[in-house]
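Trainee: Residue numbers (my numbering): 5 to 766.
What follows is a structure written as structure tokens; I'll ask about it next.
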RNA sequence: GCCCGAGUGGCGGAAUUGGUAUACGCGUUCGACUUAAAAUCGAAUGGAAACUUCCAUAUGGGUUCAAGUCCCAUCUCGGGCACCA
């Protein structure tokens with residue numbers, strides 16, 4: 005008999021699938037469809053890691069399961085390639101990010117193919133491909149046209165040494181991650197998407213999603229809806245009045261002072277002459293404070309502005325303070341402080357010795373207008389970075405932004421030699437002198453005539469999350485050069501039925517919902533939620549239970565597992581068996597061997613002698629049912645366990661051809677290469693087997709007898725006897741094994757037919 | 001600080017609707033095959049006791065005929081948010 009040689013088998017089938025384009029998906033009218041995808045990976049130089057394998061295999065198990073059930077299945081693949089790691093590599097080595105990305109994609113594709121995924125490779129997409137980002141720019145323009153992409157002055161992290169804006173994650177302990185210089189906040193004009201416009205709908209529709217509760221809660225908290233009121237406070241001396249937001253307008257009688265954020269717009273008109281220096285000093289210090297400092301030191305600080313406001317309810321004169329515990333970006337950037345009812349206000353009042361008044365509550369609507377506020381801010385999308393999608397905007401002489409016309413797309417990312425941002429505060433795109441100037445058609449508002457006008461291009465690029473906010477729709481028609489997505493194709497395939505990933509619980513998953521609603525409003529999408537079901541998988545940690553990391557040297561390379569001789573089928577099946585898919589798990593090298601032994605047993609059963617007698621009808625039908633239902637509820641680990649039990653049973657009793665066909669079919673989603681080899685030997689198709697309930701109903705069952713809830717005896721009884729409670733109880737009570745517990749007398753008996761159980765209470 | 005999730009043998013885990021706790025796998029032990037080892041096959045495996053019981057699902061209470069599962073409190077670990085008025 006031949007030995008199980010996974011690498012040989014896997015190579016054979018992978019070649020076959022590649023040559024026949026086995027997983028190519030086409031629209032078939034009337035055939036029910038399923039579309040599945042993982043969160044597309046960033047193809048790093050390190051290649052596939054075990055976390056990718058878990059993520060991709062979950063999608064693959066479902067993909068193959070649905071295929072075997074005769075559904076029309078699409079499972080595409082793509083690469084999220086724009087971003088900092090490639091740019092950093094470029095800065096360090098002088099290699100173009102385009103080149104690095106191409107190499108990494110080739111490697112990733114090769115590795116993914118080694119795992120035998122049922123991917124439609126003709127639908128591969130890559131966000132840094134001009135044929136892709138052309139349509140990212142088109143999406144941007146639609147938002148721009150509707151005023152949902154706009155520019156605004158706001159405070160950003162700024163490194164005075166490198167002369168560049170930094171993202172939050174590029175600020176480490178208040179210092180620039182590159183040069184170590186202390187960062188500060190600087191007011192700058194940036195691009196935003198107006199996601200807040202959809203805050204209500206984004207919140208309301210969360211409840212209807214088949215998503216994990218954890219993610220839904222996180223999104224709700226992120227949006228953070230607060231119902232309250234806005235109240236105007238007159239300022240003494242004629243300065244503009246101050247509008248505050250509060251969720252407790254009923255506490256206004258206890259408002260003993262106002263607090264403004266350091267960045268409060270119009271602060272200069274409020275501060276009195278003699279307080280100017282102190283306030284300016286405080287503001288400068290607050291803007292310099294790093295995020296970490298603000299988080300770690302919540303000690304209240306603040307200064308008096310020298311100005312007073314009038315409490316509209318008490319008509320009393322109350323002082324106005326500036327303090328950094330009030331945030332500029334939330335509400336109006338100003339609050340009425342009610343130290344008797346608010347812990348933070350009390351802390352501040354105690355520190356600065358301000359009055360605390362235990363006033364009574366009044367009608368909520370007495371002095372304010374009802375107002376709903378959200379924690380969620382508009383989405384800042386401009387980056388002063390090279391390796392991203394260019395923003396399709398140009399500026400006229402007066403600095404007004406104009407859309408690049410759609411027929412001029414894509415705005416190609418220009419090739420430059422030096423990727424590092426310079427002291428201009430602009431990305432490396434500004435160094436592409438020839439690229440900077442552009443002529444775009446502009447309509448004269450008076451005559452209606454169109455003239456080509458010379459303009460200067462925007463040099464910022466888009467946040468990578470913009471690229472991934474529509475890619476699922478590109479999968480429907482990935483080579484379309486007429487539109488971002490084809491109307492017919494998308495209404496057939498989408499919304500996506502299954503989406504699997506282990507990251508981006510809020511950002512990406514909220515942004516893509518936002519774009520979906522916008523494009524539905526614009527008539528481009530026939531649905532308002534892009535993802536029906538979300539599977540949020542757990543991490544795989546190192547054998548020591550810690551996160552895998554290069555520096556700790558505890559990284560398991562999936563390709564090593566394959567090449568050590570275990571093969572992809574073992575790797576895939578092991579990662580499904582490792583535990584519940586949505587929980588973190590620790591890698592256990594010895595358990596990999598256990599899964600290999602299991603697959604080896606499957607092989608030996610199939611390629612050994614078959615039994616002529618069909619002895620396993622009951623366990624076979626049971627297993628079909630169990631595996632089918634377990635996959636439906638994403639309980640992949642118990643599905644594999646059921647297959648192991650089945651194989652153990654077949655080893656004991658001998659396996660018939662029917663037994664083996666069922667085994668191979670049920671095994672195929674997990675170990676497709678081995679299963680294909682088995683099915684070929686058995687001369688069988690891979691149609692998902694059905695179970696027959698009649699084999700699951702036995703003639704006799706086991707009746708469990710408890711006394712006071714403790715198991716005391718088991719009886720083998722006829723199924724029909726379950727109908728006659730009286731007879732059963734009589735029989736049980738007469739039995740010696742039960743009698744010795746019931747001498748004190750039986751109070752009552754409880755019969756649970758469903759569980760074939762009698763509990764005797766004594 | 002607030003909001004989620006988890007805690008079950010030596011280890012990863014199972015128990016789907018309150019109903020036989022510990023499926024399946026790893027590890028360990030014994031046996032078969034072998035000159036021997038590996039591989040493979042078979043058996044045992046929660047703890048104490050000893051032929052019949054008792055105790056065990058983080059800890060302490062509670063509800064119930066019956067609790068890993070429900071309720072209350074506490075502890076530990078993981079994740080998210082973090083002065084959002």
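Note that CB positions come from ideal geometry on N, CA and C, so glycine has one too.
CA-CA distance, residue 722 and residue 706?
Mentor: In a straight line, the C-alpha of residue 722 is about 9 angstroms away from that of residue 706.
Trainee: In whole angstroms, what separates the C-alpha of residue 194 from that of residue 689?
Mentor: Their backbone Cα atoms lie some 58 angstroms apart in a straight line.
Trainee: Touching or not, the region 426 to 441 and the region 405 to 413, by the rule of three or more beta carbon pairs under 8 angstroms?
Mentor: Short answer: they don't touch.
Trainee: Does DSSP put residue 53 in a helix, in a strand, or in coil?
Mentor: If DSSP states are grouped into helix, strand and coil, residue 53 belongs with coil.
Trainee: Can you tell which of 114, 60, 264, 543 has its C-alpha closest to the C-alpha of residue 352?
Mentor: The shortest Cα separation from residue 352 among 114, 60, 264, 543 belongs to 264.
Trainee: Quick check on the DSSP output: what are the complete beta strand (DSSP E) runs of length 3 or more inside the region 487 to 550, in order along the chain?
Mentor: You should have 500 to 505, 535 to 540.
Trainee: If residue 375 and residue 232 are in contact, beta carbons under 8 angstroms, what's the gap, nearest whole angstrom?
Mentor: That pair is a contact at about 6 angstroms.
Trainee: Exposed or buried, which one is residue 464 when buried takes at least 16 other CB atoms within 10 Å?
Mentor: It counts as buried.
Trainee: State yes or no: is the C-beta of residue 663 within less than 7 angstroms of the C-beta of residue 620?
Mentor: It is a contact, given that the beta carbons lie within the stated cut-off.
Trainee: If residue 14 sits next to residue 120, beta carbons under 8 angstroms apart, how far is it from one beta carbon to the other, in whole angstroms?
Mentor: Indeed they touch by this definition, with Cβ atoms about 6 angstroms apart.
Trainee: What runs of the alpha helix (DSSP H), each 4 residues or longer, lie entirely inside the region 81 to 142?
Mentor: Whole alpha helix (DSSP H) segments, 4+ residues: 88 to 97, 101 to 118.
Trainee: Which of the three DSSP states, helix, strand or coil, is assigned to residue 145?
Mentor: In this structure, residue 145 counts as helix in the three-state DSSP scheme.
Trainee: What residues match up with residue 387 in a beta bridge as DSSP calls it?
Mentor: Beta-bridge pairing links residue 387 to 465.
Trainee: Do you know offhand how far residue 4's Cα is from residue 636's?
Mentor: In this structure the chain extends from 5 to 766, so residue 4 is not present and cannot be described.
Trainee: Quick check: the Cα distance between residue 11 and residue 21, rounded to an integer number of angstroms?
Mentor: Taking the straight line from one Cα to the other gives about 15 angstroms.
Trainee: Quick check on the burial criterion: 16 or more other C-beta atoms within 10 angstroms. Buried or exposed for residue 136?
Mentor: When all chains shown are included, residue 136 counts as buried.
Trainee: Return the chain-ordered list of same chain residues with a C-beta closer than 7 angstroms to the C-beta of residue 290, the five sequence neighbours on each side being excluded.
Mentor: These residues qualify, in order along the chain: 266, 328.
Trainee: So which of 718, 746, 287 has the shortest CA-CA distance to residue 159?
Mentor: Measuring from the Cα of residue 159, the nearest candidate turns out to be 287.
Trainee: Measuring alpha carbon to alpha carbon, tell me which of 189, 152, 229, 164 ends up nearest residue 198.
Mentor: Residue 152 is the option with its Cα nearest to residue 198.
Trainee: Could you spell out the range, first to last residue, of the alpha helix (DSSP H) harbouring residue 676?
Mentor: Looking at the DSSP string, the run of the alpha helix (DSSP H) that includes residue 676 is 676 to 686.
Trainee: Is it a yes or a no for the region 81 to 98 touching the region 441 to 460, going by three-plus beta-carbon pairs under 8 angstroms?
Mentor: Verdict: no, contact absent.
Trainee: With distances taken from CA atoms, which of 379, 318, 349, 359 is nearest residue 336?
Mentor: Nearest C-alpha to residue 336: 379.
Trainee: Could you spell out where the beta strand (DSSP E) holding residue 28 opens and where it closes?
Mentor: Counting along the chain, residue 28 falls outside any beta strand (DSSP E), and DSSP gives it neither H nor E.
Trainee: Of the residues 390, 449, 395, which one's Cα is nearest the Cα of residue 426?
Mentor: With distances taken between Cα atoms, residue 426 lies closest to 390.
Trainee: Tell me whether residue 625 is buried or exposed, calling it buried when 16 or more other Cβ atoms sit within 10 Å of its Cβ.
Mentor: Per the 10 Å Cβ criterion, buried.
Trainee: Can you tell me whether DSSP reads residue 648 as helix, strand or coil?
Mentor: Note: residue 648 maps to helix in three-state DSSP.
Trainee: Note down the Cα distance separating residue 225 from residue 506, rounded to an integer number of angstroms.
Mentor: If I take the Cα positions, the gap works out to 19 angstroms.
Trainee: Roughly how many whole angstroms lie between the Cα atoms of residue 483 and residue 272?
Mentor: Approximately 55 angstroms, taken between the alpha carbons.
Trainee: Taking the Cβ atom as the reference point for each residue, do residue 784 and residue 262 lie within a distance shorter than 7 angstroms?
Mentor: Because the chain here runs from 5 to 766, residue 784 falls outside it and cannot be looked at.
Trainee: Tell me where the beta strand (DSSP E) around residue 163 begins and ends.
Mentor: Segment 153 to 163, the beta strand (DSSP E) holding residue 163.
Trainee: From residue 511 to residue 504, what does the alpha carbon distance come to, in whole angstroms?
Mentor: Roughly 15 angstroms between the two C-alpha positions.
Trainee: Drop a sphere of 10 angstroms on the beta-carbon of residue 715, count the other beta-carbons inside from all chains shown, and report buried for 16 or more, exposed for fewer.
Mentor: With fewer than 16 other Cβ atoms within 10 Å, it is exposed.
Trainee: Where residue 696 and residue 143 are concerned, what is the direct C-alpha to C-alpha distance, given to the nearest angstrom?
Mentor: Near 51 angstroms, if we compare the C-alpha coordinates of residue 143 and residue 696.
Trainee: What does the alpha-carbon distance come out to for the pair residue 725 and residue 731?
Mentor: Distance between the alpha carbons of residue 725 and residue 731: 8 angstroms.
Trainee: Please determine if the region 453 to 464 and the region 477 to 495 are in contact, where contact requires at least 3 C-beta pairs separated by less than 8 angstroms.
Mentor: No, the region 453 to 464 does not touch the region 477 to 495.
Trainee: By the three-class DSSP mapping on this structure, what secondary structure does residue 458 have?
Mentor: In this structure, residue 458 counts as strand in the three-state DSSP scheme.
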